[in-house]
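Here is the structure we will look at.
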Amino acid sequence: MNSDDEPPADEEPFHPLGGAWQDDLEELLDETEYDTELGMEMGKDAMRVTKGELSEEEFHEKYHDDVMAEFGEDERPIASPDDAESEAEGIGSTLLGLARGEESRREMLKKAGAGVGFASLGWGAVDQQEPEPEPAVEEAGEVEGADEGTQWGMTIDLEHCDGCLSCVTACNQEHNWDEGANWMYVLAFEDGNVESPEPDDFESVHDFNYLVRPCQHCTDAPCEKVCPTTARHTRDEGGLVLTDYEVCIGCRYCQVACPYGVNYFQWDDPDVDRSELEPEGIYDERGRPVSRRAPRGVMSKCVFDPARQDGNAGEELIGTTACEQACPPNVIQFGDKNNPASDPQRYENNPARTRTVINLFTALPSPNSVESSLEGVDPNLDAVIDAVDDLTETLIALATAVKITQTDYEQDAPPGDSLPEKEETVLSVVSAIEGSGVDLESENVLSRLGLTVEGFEGPSQDIDISDREDVAQERLEDYVDAPEEEFELLADIGTNPNVTYLGNAPGPEAHQVPGPTSYEDVGMVDRRQNVLDDETVGLGLRDE
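Dropping the structure here:
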């Protein structure tokens with residue numbers, strides 16, 4: 007870079023994870039053969055582009071000559087001043103924000119605090135840091151048509167997470183990344199407002215506050231904007247942010263530009279040899295090697311299992327991820343964020359109802375057993391409860407509330423989604439009870455089940471109850487204590503992440519604490535650096 011472009015020595019850190027993290031990144035780049043200063047400045051300005059402070063054309067022009075001089079090519083997928091298309095229709099515009107419509111009450115509550123708390127946590131890779139003040143920025147732009155097609159993403163319910171680390175181990179088993187180079191990370195935290203218990207003195211694993219971190223697969227990914235070779239790219243199909251292992255040159259500029267700290271560099275030969283990997287798990291539908299562990303000298307991160315989404319692992323696994331399927335409490339919901347009928351959107355739109363469906367799916371007897379048990383039974387509620395083992399009045403009331411609040415979707419649920427099947431099972435139990443002659447829609451039965459407006463007994467007079475659907479919804483809310491807050495990590499910087507969190511957002515004073523299950527407990531390591539130090543091949547560097 008030109009000396010005129012050098013930043014002031016006392017300039018505030020630009021990285022959301024703070025000054026210590028930024029210093030580590032700079033030291034890491036110093037160990038590569040590429041221009042450290044160029045990588046740091048490009049990472050900084052890539053985030054300015056997502057914030058709306060710098061246009062893509064300005065970003066392209068500012069660094070084009072330097073990128074060409076350093077790499078001999080400039081394949082960054084952003085608009086250049088020479089593009090014939092307008093910004094609203096150009097290449098760069100297709101990467102911009104997913105239009106989300108009117109914000110929900112939960113989104114309004116916690117979006118701002120999520121960025122500060124996340125920065126202070128630092129994902130365990132850097133010790134506690136002072137949170138960076140949030141800069142005043144212009145609102146990032148939106149693009150017509152950004153909500154078309156499939157957009158793979160997640161909704162994660164933090165309040166019902168149990169910190170078991172099953173998602174971490176499942177991801178490792180599927181993708182074979184080296185110990186500590188975690189593509190999925192789970193940490194327990196406290197921030198002065200919410201506390202977590204001591205790891206050897208707690209009544210329930212749900213007493214801890216958790217944060218779960220996969221790659222956010224941003225719709226407007228800063229990491230992609232700095233890649234000179236198109237190795238880091240957003241795939242058209244499903245909007246996955248991936249790394250082509252055969253194109254990546256290991257410059258690590260993407261690591262600087264990522265606000266979330268999710269990139270990992272493969273220092274040495276991988277623990278698992280290439281011959282042990284099945285090709286259908288490595289290559290996606292385009293024939294690009296984007297999955298499983300990276301080769302030596304290449305960047306890697308969470309990929310949302312493109313081999314699954316492309317059908318390489320079997321049609322039944324399309325629309326699923328290893329971490330989602332391994333999660334015992336079903337708090338990870340993966341699917342098409344653009345489809346209201348998908349698992350993540352169902353959960354996000356009505357956490358109380360969806361969590362009730364998940365619980366009832368395992369608590370209720372099967373529809374067939376209910377139907378067979380009710381043959382010849384008198385058509386009244388008491389007779390039904392007496393005739394069917396494990397069926398209680400409370401379970402019947404909750405299942406009926408699920409039916410009352412049922413939503414008709416214009417679109418079909420995507421393949422791989424499990425919530426529609428669970429809901430259908432619950433509704434089949436209701437149908438079996440009704441098939442015995444019990445009228446679950448009658449005022450007498452609904453009154454007994456606590457599902458009438460007249461008989462509603464809510465926790466507060468402030469709740470507006472006007473019809474049976476309101477009563478049923480409040481019954482569900484009371485049953486599961488559903489999360490009231492919804493947030494996206496660092497939503498204010500305009501990356502448009504495709505992971506939505508439900509539950510407590512970490513506050514400005516958040517810091518990591520030991521959880522109920524340690525990485526050692528499950529045969530894992532929480533930081534790759536520990537492994538490298540033990541093997542004396544770590545070069546004294548952080549990998550996160």
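Counting in the numbering used here, the sequence shown runs from 7 upward without gaps. We put the beta carbon where it would ideally sit given N, CA and C, even for glycine.
Residue environment: glutamine 339 is assigned as buried (16 or more neighbouring CB atoms within 10 Å of its CB, all protein chains considered).
Burial is judged here by how many other beta carbons sit within 10 angstroms of a residue's own beta carbon; aspartate 36 has fewer than 16 and is exposed.
In this chain, alanine 263 is not harboured by any beta strand (DSSP E); it is covered by the alpha helix (DSSP H) spanning 259-263. Inter-residue distance for glutamate 252 and valine 408 is about 49 Å (C-alpha atoms, whole angstroms). Listed as beta-bridge partners of leucine 193 by DSSP are Leu217. In the DSSP secondary-structure assignment, serine 61 is not bridged to any residue.
Under DSSP, phenylalanine 271 shares a beta bridge with Met305.
Around the Cβ of serine 378, a 10 Å sphere holds fewer than 16 other Cβ atoms; the residue is exposed. In the structure shown, methionine 160 falls within a strand segment according to DSSP collapsed to helix, strand and coil. In this structure, phenylalanine 65 sits near lysine 231, with a CB-CB distance shorter than 8 Å. Inclusion of glycine 461 and serine 453 in the CB contact set at 8 Å is warranted, their separation being smaller than that value. For a cut-off of 8 Å, the C-beta gap from isoleucine 162 to valine 337 is around 6 Å, short enough to register as a contact. Threonine 240 counts as buried, since no fewer than 16 other beta carbons sit within 10 angstroms of its beta carbon. Using a Cβ-Cβ distance cut-off of 8 Å, the region 17-32 and the region 42-56 are in contact, since at least three pairs of beta carbons, one from each stretch, lie closer than that value. CA-to-CA, the gap between glycine 256 and arginine 302 works out to about 9 Å. Between phenylalanine 214 and leucine 495, the gap from beta carbon to beta carbon reaches 8 Å or more. Contact between the region 310-329 and the region 170-177 is established, with three or more Cβ pairs separated by less than 8 Å.
By alpha-carbon distance to valine 505, the top candidate from Met190, Asp484, Ala405 and Cys224 is Cys224. No Cβ-Cβ contact shorter than 8 Å links phenylalanine 271 with tryptophan 158. DSSP lists Thr161 as the bridge partner or partners of glutamine 339. Non-local beta-carbon contacts of glutamate 354 in its own chain, meaning distances under 6 Å to residues more than five positions away in sequence, involve Thr161 and Thr506 in chain order. Distance check between tyrosine 191 and each of Asn178, Pro373, Pro334 and Gly45 places Asn178 closest, using alpha-carbon atoms only. Annotated three-state conformation of tyrosine 353 is helix, per DSSP.
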